[in-house]
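Here is the structure we will look at, set down as C-alpha cells.
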Amino acid sequence: MLFPMPPLDAPHTDVSTIPALAADVRRTFESGLTRPIAWRRLQLQRLHALLTEREKDLLDALEADFQKPRFEGWATEAGFTATDVRHTLSQLSKWMRPERVRTNLANLPGSSRILREPLGCVLIIAPWNYPIQLVLSPLAAALAAGNCAVLKPSELTPACATLLAKLVPEYLDREAVRVVGGAVEETTALLRERWDHIFFTGGGAVGRVVMEAAAKHLTPVTLELGGKSPCIVDADADLVTAAHRIAWAKFLNAGQTCVAPDYVLVHKSVESALLDELKKVVTEYYGADPQKSPDFARIVNTRHHARLVGLLGDGEAVVGGQHDAATRYLAPTVLTKVKLDGKLMGDEIFGPILPVLAVDSVSEAIRFVRAREKPLALYVYSRSQDTVDEVLAGTSSGGVCVNDCIMHLTVPDLPFGGVGPSGMGAYHGKAGFDCFSHRKSVLDKSTMVDPPLRYPPYSADREKWARRLL
Ligand code: NAD
62 MLFPMPPLDA
72 PHTDVSTIPA
82 LAADVRRTFE
92 SGLTRPIAWR
102 RLQLQRLHAL
112 LTEREKDLLD
122 ALEADFQKPR
132 FEGWATEAGF
142 TATDVRHTLS
152 QLSKWMRPER
162 VRTNLANLPG
172 SSRILREPLG
182 CVLIIAPWNY
192 PIQLVLSPLA
202 AALAAGNCAV
212 LKPSELTPAC
222 ATLLAKLVPE
232 YLDREAVRVV
242 GGAVEETTAL
252 LRERWDHIFF
262 TGGGAVGRVV
272 MEAAAKHLTP
282 VTLELGGKSP
292 CIVDADADLV
302 TAAHRIAWAK
312 FLNAGQTCVA
322 PDYVLVHKSV
332 ESALLDELKK
342 VVTEYYGADP
352 QKSPDFARIV
362 NTRHHARLVG
372 LLGDGEAVVG
382 GQHDAATRYL
392 APTVLTKVKL
402 DGKLMGDEIF
412 GPILPVLAVD
422 SVSEAIRFVR
432 AREKPLALYV
442 YSRSQDTVDE
452 VLAGTSSGGV
462 CVNDCIMHLT
472 VPDLPFGGVG
482 PSGMGAYHGK
492 AGFDCFSHRK
502 SVLDKSTMVD
512 PPLRYPPYSA
522 DREKWARRLL
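The working numbering puts the first residue of the sequence shown at 62, with every later residue one more than the last.
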C-alpha cells in the first residue's frame with residue numbers, strides 16, 4: 062500500500078503566464094478548430110483512452126492522495142467517467158442535431174429551430190474529493206459541446222493534480238485544453254480573465270468568490286456546491302437494505318462525498334433496530350478494526366481531520382469514534398443523542414460521521430428539513446408510496462433517491478445539480494452538453510409573401526386584422 066506518502070507538492074503554474082494561456086485558448090476557439098463533430102469525437106475518444114489505458118496510474122494517484130480504495134477509485138472516478146464519456150460519444154450526433162419547434166401563424170410561411178453552439182472558452186475549477194471525476198466529467202461535456210477548456214484541479218490532492226497535468230496534454234489537443242496547477246493565487250488569476258462559462262465544483266464560500274469574479278465579465282456560472290443531505294427512514298422501511306445502502310453511501314470515500322447522506326432522521330419506533338443494523342453492516346464492510354481495512358479511505362488532510370474529530374463531541378458514538386491524527390484515520394462512526402445547535406448539525410460534515418436523530422413522524426422529518434437550507438440530495442426509505450409522495454411534495458433538494466442513496470447521479474439522463482445554496486445549473490448526460498452550449502433560436506422566413514399588417518402607416522383596418530392574426 063502506498064499510503065502514507067511523503068508530502069508531494071501540487072504543480073503550480075506561474076501566474077504571470079495565465080493571461081497568455083487564456084489568450085492562446087481564445088485564439089484556438091476563434092480558429093474554429095473545436096466546432097466540427099469529428100474533432101469533438103476524437104477528443105472524447107482520447108479522453109476515454111486516458112481513462113482506460115492509464116487507469117492504474119489514476120488509481121495509484123488516488124491511493125497516494127488519501128488511500129482511496131482501488132475499487133472506489135474505479136467505480137466513482139476512472140470507470141464512472143469512462144462510462145460517462147462512452148454515453149456522450151453514443152449520443153453526440155443526436156444532441157447536436159438542430160431542434161425543430163413549431164412556428165406561430167404570424168411567421169408563416171417560415172420555420173423555427175434551436176441550434177446548439179459552443180460557448181467558447183470555459184474554465185473548470187474542481188475540488189479534491191473526487192479529483193479525477195470532477196475535472197474530467199465536466200471536461201467531457203465541454204468538449205462534446207465544442208469548447209476550449211482550462212482545468213484547475215485541487216491542490217489538496219497533489220498526486221492527482223500532478224498526474225492530470227501530465228496526462229491531459231499527452232492525450233488531448235494541447236491547443237484547446239490546458240491544465241493550470243495551483244491554489245488560491247492561481248485560481249484568482251484565472252478568475253480575472255474573461256471566460257464564456259465557469260463551471261465550479263466546491264464549497265459555497267468559494268462559490269461566492271467565483272460568482273463575484275464572473276459578474277465582472279457577465280460570465281454565466283454553473284455552481285456544483287454541497288450542503289447537508291438528509292436521509293429519512295420511516296417506520297415501514299426495509300431496514301436491512303436501508304442500513305446497507307446508507308452505510309455504503311456514508312462511508313464511501315470516508316464520507317467525503319458531496320451527496321453523502323449527512324444525517325439520518327429515523328422514525329423513533331425503528332431507531333434502535335436501524336442502529337443495530339448499521340453496527341452489523343459496518344463490521345461486515347470493514348471488519349472488527351476498520352483501520353486495517355483496505356476498503357476505507359483516509360481524511361484528505363490534517364486540517365479536515367482535526368475539524369472532524371472536533372465534531373465527535375456533539376453526540377454519543379454507538380459505532381466507531383476512534384481516530385489517529387498521524388494517518389488521518391477516522392473510524393466509520395454513528396452518533397446518537399446529537400446536539401442540534403453545534404457544528405455537527407450546523408455545517409456539512411464531509412467525513413465518516415453519521416448522526417442519527419429520532420423523529421415522531423415523517424411530517425416532523427419534513428419540517429426539520431424545511432427549516433434548513435435546500436440540500437444537494439435527499440433520501441427517503443419507505444415502502445409506502447404515500448410517504449414518498451409526501452416527502453417529494455414537502456421538500457426541495459437538488460435530487461432525490463427513493464430507497465437508495467447517491468445512485469441517482471449514475472443515471473445518465475438525470476440532470477445532476479443543486480438548488481438554492483446547494484448550487485445552480487446541472488450536468489451529466491444531455492444536461493452537461495446543454496450546460497456548455499448556447500441554445501441559439503433561429504427563425505427562417507420565406508419572402509414569397511409579405512402581408513403589410515405590421516407596417517406603418519397603421520390603420521384601424523390593419524389593426525383589426527393584426528389583432529386577429531398575430
Ligand atoms: P473548495 O471550495 O475549498 O475548493 C474548490 C476549488 O476552489 C479548488 O480548486 C481550490 O483550489 C479553489 N479555491 C479555494 N479557495 C479559493 C479562493 N479563495 N479563490 C479562488 N479559488 C479557490 O472546495 P473543496 O474543499 O475542494 O471541496 C469540498 C466542497 O465541495 C464541499 O462543500 C462539497 O460538498 C463540495 N462538492 C460538491 C460537489 C457537487 O457535485 N455538487 C462535488 C464535490 C464536492
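Even glycine gets a Cβ: it sits at the ideal position worked out from N, Cα and C.
Bear in mind the structure is a predicted one, so any value in this text is a computation, not a measurement.
What does DSSP give as the partner residues of residue i in its beta bridges?
{"i": "K277", "result": "DSSP lists no partner for K277."}
{"i": "R174", "result": "R161, V503"}
{"i": "R239", "result": "V211"}
{"i": "Y390", "result": "D385"}
{"i": "G484", "result": "E285"}
{"i": "H489", "result": "Per DSSP, none; premise fails for H489."}
{"i": "W261", "result": "Checking the sequence, you will find Phe at residue 261 rather than Trp. Paired residues: I186, L284."}
{"i": "S92", "result": "S92 is not bridged to any residue."}
{"i": "S498", "result": "P179"}
Looking at the structure shown, is residue i part of a helix, part of a strand, or coil, going by DSSP?
{"i": "P68", "result": "For P68, the pLDDT reaches just 49, beneath the cut-off of 50, and the residue's location in the model is therefore unreliable, although a value from the coordinates is still provided. The answer is coil: DSSP assigns P68 none of H, G, I, E or B."}
{"i": "A527", "result": "helix"}
{"i": "C319", "result": "coil"}
{"i": "S520", "result": "coil"}
{"i": "I79", "result": "helix"}
{"i": "V399", "result": "coil"}
{"i": "A378", "result": "strand"}
{"i": "T249", "result": "helix"}
{"i": "L225", "result": "helix"}
{"i": "F510", "result": "It should be pointed out that residue 510 corresponds to Val in this sequence rather than to Phe. Three-state result, V510: coil."}
{"i": "P219", "result": "helix"}
{"i": "I98", "result": "helix"}
{"i": "H548", "result": "Shown here, the chain extends from 62 to 531; a query on residue 548 therefore has no answer."}
{"i": "V301", "result": "helix"}
{"i": "P130", "result": "coil"}
{"i": "I410", "result": "coil"}
{"i": "I293", "result": "strand"}
{"i": "M62", "result": "Unreliable positioning characterises M62 in this predicted model, as indicated by a pLDDT of 47, which lies under 50. A coordinate reading is not provided."}
{"i": "W135", "result": "helix"}
{"i": "I307", "result": "helix"}
{"i": "R115", "result": "coil"}
{"i": "L233", "result": "coil"}
{"i": "N362", "result": "coil"}
{"i": "R255", "result": "coil"}
{"i": "A205", "result": "helix"}
{"i": "F357", "result": "coil"}
{"i": "L169", "result": "coil"}
{"i": "R515", "result": "helix"}
{"i": "A143", "result": "helix"}
{"i": "A244", "result": "coil"}
Quick one: is the Cβ of residue i within less than 8 Å of any heavy atom of the ligand FMN?
{"i": "K398", "result": "Annotation note on the ligand FMN: not contained in the displayed structure, which lists the ligand NAD as its ligands."}
Can you tell which of the options has its C-alpha closest to the C-alpha of residue i?
{"i": "S215", "options": "L204, L197, G242, A237", "result": "G242"}
{"i": "K155", "options": "K491, A125, D522, E332", "result": "K491"}
{"i": "K277", "options": "P188, I259, L531", "result": "I259"}
{"i": "V472", "options": "V461, G481, P482, V480", "result": "V461"}
{"i": "K289", "options": "V183, G140, Q352, L405", "result": "L405"}
{"i": "E116", "options": "L224, K435, Q104", "result": "L224"}
{"i": "L4", "options": "D85, L82, S198", "result": "Not covered by the structure: residue 4. The range shown for the chain is 62 to 531."}
{"i": "S443", "options": "V463, S457, E247", "result": "V463"}
{"i": "F497", "options": "R158, C182, L111", "result": "C182"}
{"i": "E332", "options": "V238, Q317, D297, E273", "result": "D297"}
{"i": "R177", "options": "P72, R96, L286", "result": "R96"}
{"i": "G140", "options": "T164, G287, L112", "result": "L112"}
{"i": "D495", "options": "N314, L180, D385", "result": "L180"}
{"i": "I186", "options": "A304, P130, V240", "result": "V240"}
{"i": "G479", "options": "E114, V510, V320, A303", "result": "V320"}
{"i": "A99", "options": "R306, E160, Y232, A206", "result": "A206"}
{"i": "R528", "options": "A167, L279, P188", "result": "A167"}
{"i": "R359", "options": "T74, H328, A274, Q317", "result": "Q317"}
{"i": "V271", "options": "A210, C292, D295, V245", "result": "V245"}
Determine, for residue i, whether the minimum Cβ-Cβ distance to residues of chain B falls below 9 Å.
{"i": "L166", "result": "Structure shown: chain B not included; a single protein chain is present."}
What are the uninterrupted segments assigned as beta strand (DSSP E) that are 3 or more residues long and contained completely in the stretch 412 to 480, given in chain order? Whole beta strand (DSSP E) segments, 3+ residues: 414 to 420, 438 to 442, 460 to 463.
Beta strand (DSSP E) runs contained entirely in the stretch 319 to 355, provided each spans 3 or more residues: Here the runs fully enclosed are 322 to 328.
Which parts of the stretch 176 to 200 are runs of the beta strand (DSSP E), unbroken and 3 residues or longer, counting only runs that do not cross its ends? Whole beta strand (DSSP E) segments, 3+ residues: 182 to 186.
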